[in-house]
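Student: One structure follows; several queries about it will come next.
Residue numbers (our numbering): 7 to 48.
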């Protein structure tokens, strides 16, 4: 069994880490970037 180590990952207060319809082409889901936008806005 392989292992995956994640050094940093954000979640919303209600526990979501991705938007709906997550797949390989949309790893954060459709519109998932907006969940993490607060972190990269300056």
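Every residue, glycine too, gets a C-beta built ideally from N, C-alpha and C.
Assign residue 15 to one of three DSSP states: helix, strand, or coil.
Tutor: Residue 15 falls in the coil class under three-state DSSP.
Student: In this structure, does DSSP put residue 43 in helix, strand or coil?
Tutor: In the structure shown, residue 43 sits in a helix (DSSP, three-state: H, G or I).
Student: Measuring straight from C-alpha to C-alpha, what distance separates residue 39 and residue 29?
Tutor: So the alpha carbons of these two residues sit roughly 14 Å apart.
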